[in-house]
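Undergrad:
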Amino acid sequence: MPPAPPTRRNALTGSRIRERRTVLGRKQSDLARAVGISASYLNLIEHNRRRIGGKLLVDIARELDVEPAALREGADATLYDSLQTAAQDRGPGFGPVPETDRIDELAGRFPGWTGLIAAQHKRIAGLEGLVDGLQDRLAHDPVLADTMHEVLSTVAAIRSTADILVGDPEIDPQWRARFHRNLHEEAERLSSSATAMLAHFEDPGGRSGPPSTPEESVEALFDAADHHFPEIEAGGADAIGPLLDGHDGMADAATRALAEDQLRRYAADATRLPLVDFVEAARAAEFAPEPLVALAGGDVALVLRRLAALPPGLGAPSFGLAICDAAGALIFRRRINAFSIPRFGAGCPLWPLYTALTRPMSAETTVLDLPTGAQFRAWAMCQPLGPPGFETQAVMQATMLLRPLEDTVPEGARPVGPGCALCPREACEARRVASVLG
Amino acid sequence: MGARVLLVEDEANILEAISFLLSRDGWEVHGHGNGGTALETIARLKPDVVVLDVMLPGRSGLDILRDLRADPATERLPVLMLTAKGQAKDRDMALALGANAYLTKPFSNAEMLETLRHVADPDGDPSSTGSTP
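Order-wise, the sequence lines are chains A and B.
Heads up, the first sequence is in our numbering, so the first residue is 1 and it goes up one at a time.
Heads up, the second sequence is in our numbering, so the first residue is 1001 and it goes up one at a time.
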């Protein structure tokens, strides 16, 4: 019976023997004699046409002055995979195709260089990920896009003006003075723009500056009301129009439409869980969601939203709230101190908000441990927006309620961050892009 | 007097530097800083070529370009768009809407002169000045 075809890694044991023997300058016949086999049999082994193991492998390893494992396993598996990946990722324009069938040989002869190739490949992949993340942010963050436009316009003015001054030394003195003044103005403007851009990177969810998008304007409306609207609690959806009429920043059609959507849901929530009944039950439950689910007919997300909309003065804890769609895009947030929920881009993939998307209709609660040491109890639920139906695609949303923990728990908390770019947990397996933190 | 160019750009110092540059090159230069009234200015001045920034107060350069191409009187008017580096979608949109060329900020004066000459006269001598398109 012919020998079973060797596996990819085992198949290379013979090649490694041949490589090592060649490096040592020993003849095949000499090695064969030393371990008590014929040269032709060793030749078959070296060409991976015969399996080798046991005492013969140990003897050959001893003769070649290496550990048997070095011949059997070859290069470190991690290093092997890294080099394999580096070869696959090399992209066009990098010359000849790497000889991936000789990775073991390469790693055996040049362990330092191969380690460097693997490390460089990992670093390049990390940097490419960072660039992708920043490009994504530039494309989706209107504040950053505006600031970048300001910076580039200033640089364009400086470059054109400087080109003139350098390229035309005989320029009229009045024009020269004028362009010098312009350069001075633009330099000051550039300094200011660059500072603003850095400040935005340091505080991407910043509360400063006027709202510039419909989402920000609607968020400002909710923030100003402390996420509680007595008019709607008392008057239902009919109160939405007059409420928006009396609020600055709702003139834009897109902004008003978004605000009406959000407030209609608020009104529907208030109808389903009237404030008087809910406050009494919430107090009895010490503002924990679990005992309140039955009151809401099993609608967990409704309970989470109503807890985040309680009026001040009840002795309720501070609550944060985040709602995202099935694509992970944030569509509503109630911010809370010490837990940064980014306005644009994704947050931390380990937040229950996102893990809930993988387990629809299964409520979960856990303690979150932030890099700052702050801890929050989180409740999360992913459920469809409307009732189920035949031949209809359910639109799913995930909701996460956050409550700060005064007494932190020493064990069992889930380590999370504010999102990869601003998270110092370098070794996190969920890391998507490198951190911009030093 | 050379060919007439209208610069639609709201950054005063860019406008001043490019105006100076193009005037020296022999162009008859006019500047305009508001997107909302740019079409009226184009109709009144009847420029030979327009340099149009994307980000403008009042109305975006892309919207202005769309209207220029929809009007038989200006559908062939040469337009050089100014976009910002990193805003590839603006550049792609400008070309899709019919811009003759684009420059990304920051650009050099030599790039501006060369591109504008080519936009105004695609078959002309690239070293020629604004007095000859």
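C-beta atoms are modelled at their ideal positions from N, C-alpha and C, and glycine is treated no differently.
(1) Could you spell out the range, first to last residue, of the alpha helix (DSSP H) harbouring B:M1112?
(2) Which of the three DSSP states is assigned to B:K1105 in this structure?
(3) For the beta strand (DSSP E) that contains A:E364, what are its first and last residues?
(4) For A:I323, count neighbouring Cβ atoms within 10 angstroms of its own Cβ and tell me buried if that reaches 16, exposed if not.
(5) Distance check for A:M148 and A:A308, CA to CA, integer angstroms please.
(6) Taking B:S1019 as the reference, which of A:F179, A:A430, A:R50, A:L221 has the closest Cα?
(7) Interface residues of chain A around B:E1011 at Cβ under 7 Å?
(8) Would B:P1106 count as contacting chain A if we go by Cβ distances under 8 Å?
(9) Whole-angstrom Cβ separation of A:L457 and B:P1106, contact assumed at under 8 Å?
(10) With which residues is A:W379 paired in a DSSP beta bridge?
(11) Within the same chain, show all residues whose beta-carbon is closer than 7 Å to that of A:P360, passing over the 5 residues directly before and after it, in chain order.
(12) Identify whether A:G320 lies in helix, strand or coil by the three-state DSSP scheme.
(13) At the 8 Å Cβ level, is B:M1093 part of the contact set with chain A, yes or no?
(14) Nearest-angstrom Cα distance between A:F390 and A:D325?
(15) Measure from the alpha carbon of A:R432 to the alpha carbon of each residue in A:V97, A:A125, A:T366, then state which is nearest.
(16) Under 7 Å Cβ-Cβ, which residues of chain B neighbour A:E186?
(17) Taking the alpha-carbon of B:L999 as reference, which of B:A1070, B:E1111, B:A1012 has the nearest alpha-carbon?
(18) Would you call the CB atoms of A:A268 and B:I1014 closer than 8 Å?
(19) So, with DSSP's three-state summary, where would you put A:V293?
(20) I'd like to know whether the C-beta of B:L994 is nearer than 8 Å to at least one C-beta of chain A.
(21) Beta strand (DSSP E) containing A:F332: first to last residue?
(22) Could you tell me whether the Cβ of B:E1114 comes closer than 8 Å to any Cβ of chain A?
(23) Listed from N- to C-terminal order along the chain, which residues in the region 1027 to 1055 of chain B have their beta-carbon within a distance smaller than 7 Å of any beta-carbon of chain A?
(24) Drop a sphere of 10 angstroms on the beta-carbon of B:P1011, count the other beta-carbons inside from all chains shown, and report buried for 16 or more, exposed for fewer.
TA: So, from the data block:
(1) 1109 to 1120
(2) strand
(3) 364 to 369
(4) buried
(5) 35 Å
(6) A:F179
(7) S153, A157
(8) yes
(9) Nothing can be reported for residue 457 of chain A, as the shown portion of chain A is limited to 1 through 438.
(10) A:T365, A:L401
(11) C382, Q383, M396
(12) strand
(13) no
(14) 22 Å
(15) A:A125
(16) N1013
(17) Outside the displayed range of chain B (1001 to 1133) lies residue 999 of chain B, so it cannot be described from this structure.
(18) no
(19) coil
(20) Lying before the first or after the last residue shown, residue 994 of chain B is absent from chain B, which here runs from 1001 to 1133.
(21) 330 to 334
(22) no
(23) M1055
(24) A quick correction: the sequence has Glu, not Pro, at residue 1011 of chain B. Flag for B:E1011 reads buried.
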